[in-house]
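If you're matching them up, the sequences are chains A and B in order. For what it's worth, our numbering labels the leading residue of the first sequence as 106, then goes sequentially. For what it's worth, our numbering labels the leading residue of the second sequence as 11, then goes sequentially. Note that CB positions come from ideal geometry on N, CA and C, so glycine has one too. As the structure is a prediction and not an experimental result, all values here were calculated from the model. Below you'll find the structure, written out as structure tokens, and then a few comments.
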Amino acid sequence: MKLKIYSVLILFIFTLKLNSQTANTIIFKVYKKMMLANDYSVDAKIKSDIPMIKILPVNAKVYFKQKDKFKIESKSIAILPKQGFSDFSKTIKDTNSYFAMIAGEEMVNKTKTMIINLIPKMDTGDLVLAKFWVNKEQSLVYKSQLTTKSNGTMLIDYFYFNTEPQKYGLPDSMVFTVDVKKFKIPKAVAADLNKTKSSNNNNDKPVKKGKIYIRFKNYAINKGISDKVFAK
Amino acid sequence: MILKNTYNEIIKIAAKPRTYISVIAITVLVGIILFAMKIDGQNYISFITASFEQTLSFEGKILNGNLMAFIILQMLIVQIPLLVALVTGDLISGEAAMGSLRMLLTKPISRTGVLVSKYMAGLLYTLILLLWMGVLSVVVGKMLFGDGDMMVLNSDGLVILKYNDVNWRFITAFGIAFLALATVATLSIMLSCFSENSIGPIVTTMSIIILFTIIGTLDVPVFDNIRPYLFTTHMAAWRSMFEDPLPFAQIKQSVVVLLTHIFVFFGIAVYQFNKKDILS
Numbered sequence: 106m107k108l109k110i111y112s113v114l115i116l117f118i119f120t121l122k123l124n125s126q127t128a129n130t131i132i133f134k135v136y137k138k139m140m141l142a143n144d145y146s147v148d149a150k151i152k153s154d155i156p157m158i159k160i161l162p163v164n165a166k167v168y169f170k171q172k173d174k175f176k177i178e179s180k181s182i183a184i185l186p187k188q189g190f191s192d193f194s195k196t197i198k199d200t201n202s203y204f205a206m207i208a209g210e211e212m213v214n215k216t217k218t219m220i221i222n223l224i225p226k227m228d229t230g231d232l233v234l235a236k237f238w239v240n241k242e243q244s245l246v247y248k249s250q251l252t253t254k255s256n257g258t259m260l261i262d263y264f265y266f267n268t269e270p271q272k273y274g275l276p277d278s279m280v281f282t283v284d285v286k287k288f289k290i291p292k293a294v295a296a297d298l299n300k301t302k303s304s305n306n307n308n309d310k311p312v313k314k315g316k317i318y319i320r321f322k323n324y325a326i327n328k329g330i331s332d333k334v335f336a337k
Numbered sequence: 011m012i013l014k015n016t017y018n019e020i021i022k023i024a025a026k027p028r029t030y031i032s033v034i035a036i037t038v039l040v041g042i043i044l045f046a047m048k049i050d051g052q053n054y055i056s057f058i059t060a061s062f063e064q065t066l067s068f069e070g071k072i073l074n075g076n077l078m079a080f081i082i083l084q085m086l087i088v089q090i091p092l093l094v095a096l097v098t099g100d101l102i103s104g105e106a107a108m109g110s111l112r113m114l115l116t117k118p119i120s121r122t123g124v125l126v127s128k129y130m131a132g133l134l135y136t137l138i139l140l141l142w143m144g145v146l147s148v149v150v151g152k153m154l155f156g157d158g159d160m161m162v163l164n165s166d167g168l169v170i171l172k173y174n175d176v177n178w179r180f181i182t183a184f185g186i187a188f189l190a191l192a193t194v195a196t197l198s199i200m201l202s203c204f205s206e207n208s209i210g211p212i213v214t215t216m217s218i219i220i221l222f223t224i225i226g227t228l229d230v231p232v233f234d235n236i237r238p239y240l241f242t243t244h245m246a247a248w249r250s251m252f253e254d255p256l257p258f259a260q261i262k263q264s265v266v267v268l269l270t271h272i273f274v275f276f277g278i279a280v281y282q283f284n285k286k287d288i289l290s
């Protein structure tokens with residue numbers, strides 16, 4: 106009887122270990138693909154659909170350089186998610202800091218993906234849980250969900266149309282879904298003194314979802330970007 | 011004759027030291043706001059955007075000349091009526107107090123003509139005051155802080171307007187603000203026709219504005235029916251020019267209410283001035 110229990114336990118641990126190893130391998134392949142792009146610049150069109158903010162689409166230029174240099178240049182005011190652009194590589198680069206688990210399979214945009222959960226080993230960091238929908242064959246991330254203590258949950262959908270950026274794991278389009286907390290400007294600041302009733306009844310809901318759509322065009326990958334570009 | 015008399019009235023206004031109090035006050039106030047924003051503007055912006063910045067980040071130049079002009083306008087538009095009434099409330103009653111009104115009316119011009127001249131001079135003063143504030147806030151603001159997209163702060167959200175979509179909005183907003191200040195000027199001139207001293211119309215004008223503003227701000231159902239007809243409710247109608255999409259019906263209603271007040275106040279002023287018994 107004891108032997109049976111031990112055998113099941115060993116088998117379970119072995120399966121868990123195997124599962125973790127497979128998940129780590131998949132994640133590492135994605136990471137390796139992303140590392141092929143030492144630097145890139147790309148034109149971006151940003152469309153924000155955030156509750157309580159009215160803003161027209163904005164054109165911007167995005168610059169990235171390994172390891173974590175990132176800059177968005179825009180003449181206009183652009184609203185972007187606080188996290189999500191270079192967080193993937195940041196999250197997965199230290200393989201000893203998390204447990205990777207395969208949590209199943211799912212079709213995302215007609216593509217078969219594996220759901221991989223990353224659970225941090227330490228609970229002192231900001232990250233609570235990272236979830237990635239990865240196509241194993243292409244080593245591409247199709248969807249990710251980052252839950253952090255400070256920023257709540259952010260869902261990112263990745264779309265790939267062109268083959269060249271795909272080689273480096275770079276998407277042609279991204280859709281960020283973010284939690285937007287209730288927003289209230291004091292009347293003294295807004296000077297909306299005669300507005301006694303709010304025209305936006307949706308204000309009653311404390312947390313709402315906002316979407317940011319980013320379309321990338323004209324990738325220039327590994328052409329070399331000066332560090333001066335990232336200096337403020 | 012009216013134009014000639016208007017010119018004389020303009021000279022009279024220009025000769026009074028109190029006329030320059032308003033110009034100096036606006037210059038100092040705008041100067042202080044611009045200085046404070048140049049030093050600590052980023053903190054002010056962070057205070058506004060703080061509730062969003064947990065999940066979102068704002069890229070680009072938020073603190074720019076357009077935002078500064080908007081902040082200055084909404085800060086000072088509450089004080090400007092006092093500065094307007096300081097001069098326009100004195101136009102008739104000041105002369106009555108000095109005893110020069112009787113002599114003025116011996117000129118070959120009708121009483122209505124005299125009132126129209128004074129009114130036009132008063133409106134010109136109001137326009138100059140507003141333009142000065144516009145120059146300081148928009149032009150100097152842009153010189154100090156540069157151009158850029160404009161973030162409009164409303165109590166129920168943010169509207170971000172493109173930099174090339176802002177100038178015409180400012181011009182129209184100043185037009186509507188002028189209409190609001192012209193209402194105040196007409197009210198004070200009307201009250202001036204009833205008074206024999208300068209202080210009375212100025213204080214009464216401000217009291218009416220404060221009273222109506224409080225009624226308009228109180229979210230009590232009993233005032234719901236009268237609130238849309240108070241001119242103070244529409245004094246901030248210029249802000250509607252910075253909404254997207256433009257609330258045309260709301261702007262039209264505000265313009266109609268303000269114009270109606272101007273015609274009614276001026277009509278009462280003409281009636282009172284024509285039947286006024288001038289004893290000194």
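Interface criterion not met: the Cβ of M219(A) is under 8 Å from no Cβ in chain B. Along the stretch 42 to 72 of chain B, going in chain order, the ones with a CB nearer than 8 Å to a CB of chain A are F57, I58, S61, F62, E63, Q64, T65, L66, S67, F68, E69, G70, K71, I72.
For E206(B), DSSP records no beta bridge to any residue. Using a CB distance cut-off of 8 Å, L185(A) counts as an interface residue toward chain B.
For a Cβ distance threshold of 8 Å, residue set L161, S181 of chain A lies close to K172(B), ordered along the chain. With a beta-carbon spacing of about 7 Å, L168(B) and M157(A) fall inside the 8 Å limit used to define contacts. In chain order, M11, I12, N15 place their CB closer than 8 Å to the CB of G123(B), counting only its own chain and leaving out the 5 sequence neighbours on each side. Closer than 8 Å to the CB of M161(B) there is at least one CB belonging to chain A.
Cβ atoms of I317(A) and I184(A) come within 8 Å of each other, at about 7 Å. For P255(B), there is no enclosing alpha helix (DSSP H), as DSSP marks it with neither H nor E. Interface flag for K286(A) against chain B is set, since a Cβ pair is found closer than 8 Å.
Annotated as distal: Y273(A) and Y263(A), with beta-carbon spacing of 8 Å or more.
If you check the CB distance, F266(A) and P186(A) do not come in under 8 Å.
Listed in chain order, the beta strand (DSSP E) runs fully inside the stretch 35 to 100 of chain B are 66 to 69, counting runs of at least 3 residues. Around the Cβ of D228(A), a 10 Å sphere holds fewer than 16 other Cβ atoms; the residue is exposed. The contact set of D254(B) on chain A, defined by CB atoms closer than 7 Å, consists of K159 in chain order.
Taking L234(A) as reference, the option from E242(A), K226(A), I221(A), T252(A) with the minimal CA-CA separation is T252(A). For a Cβ distance threshold of 9 Å, residue set Q64, T65 of chain B lies close to N256(A), ordered along the chain. In the DSSP annotation of this structure, S278(A) is not part of any alpha helix (DSSP H); the continuous beta strand (DSSP E) holding it starts and ends at 278 to 286.
DSSP lists M219(A) as the beta-bridge partner residues of E210(A). Comparing alpha carbon positions, the residue from K172(B), A106(B), T196(B) closest to N74(B) is K172(B). Rounded to the nearest angstrom, the gap between the Cα atoms of E206(B) and L115(B) is 16 Å. For the pair of segments examined, the stretch 250 to 267 of chain B was found not to touch the stretch 81 to 94 of chain B: the number of CB pairs separated by less than 8 Å stays below three. Interface residue (Cβ-Cβ distance to chain B less than 8 Å): V283(A) is classified as such. Residue-level contact by beta carbon holds for I177(A) and chain B, with a gap shorter than 8 Å. The criterion of a C-beta distance shorter than 8 Å is satisfied by K176(A) and F335(A). The stretch 183 to 194 of chain B makes contact with the stretch 133 to 140 of chain B; the number of CB pairs closer than 8 Å reaches 3 or more. Each residue's CA atom was taken as its position, placing T258(A) and K152(B) some 39 Å apart.
Contact between the stretch 213 to 229 of chain B and the stretch 266 to 286 of chain B is absent: fewer than 3 CB-CB pairs across the two stretches fall below 8 Å. Using a Cβ distance threshold of 8 Å, N18(B) and R121(B) do not count as a contacting pair. The alpha-carbon of S67(B) is positioned some 28 Å away from that of N214(A). Distance between Q171(A) and I330(A), taken at the CA atoms: about 10 Å. Looking at the backbone, the Cα of F80(B) and that of V232(B) are separated by about 33 Å. When the five nearest sequence neighbours on each side are left out, the beta carbons in the same chain lying within less than 7 Å of the beta carbon of A95(B) are those of V194, S198, I212, T215, M216, in order along the chain. Pairing A142(A) with F321(A) gives a Cβ-Cβ distance that is not under 8 Å.
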